[in-house]
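Okay, so the sequence shown: first residue is 3 according to the working numbering, each after it adds one. Shown next, in structure tokens, is the structure this report addresses.
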Amino acid sequence: DVPVCLPVATRSGHTALAQGEWTYELFPPAPGQDDYRDVMSWKPYHSTAHARAAGQALGRLHLAASDYAAPSRGEGTVPAPQRQGTKSQAKNSSGKDD
3 DVPVCLPVAT RSGHTALAQG EWTYELFPPA PGQDDYRDVM SWKPYHSTAH
53 ARAAGQALGR LHLAASDYAA PSRGEGTVPA PQRQGTKSQA KNSSGKDD
């Protein structure tokens, strides 16, 4: 089993909101401290212990989902949606470019 929290439902009872090409879900805050709150997802882990724990969690997620009967996306990678903007607009919360 993989512990999960349930998404917050909208007033109409939906748990996902689509806007254009994007889909959003809202989840209640998890207990504890988020050491990666201001870290972009492609940045490395702070320590090998964090990387190991993340790998173990991902492995448990894959095992839990192994019998999930979803249609295949097909071969290849799923391209990220293209965003309009300039490098000056892509600054993190400290004001530095990432």
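Idealized CB from N, CA, C, for every residue including glycine. Model, not experiment: these values are computed from the prediction.
- At the C-beta level, E27 and P9 come within 7 Å of one another.
- The C-alpha of A53 lies about 36 Å from the C-alpha of G15.
- Sorting A56, G78 and L19 by C-alpha distance to the C-alpha of Y38 places A56 at the top.
- Per DSSP, reduced to three states, the secondary structure at T12 is coil, with no helix or strand assignment.
- When rounded, the separation of the alpha-carbon atoms in D3 and A66 is 6 Å.
- When the beta-carbon positions are compared, T25 and A18 come within less than 7 Å of each other.
- For the stretch 9-62, the continuous beta strand (DSSP E) assignments of 3+ residues that do not extend past its boundaries occur at 19-21 and 24-26, in sequence order.
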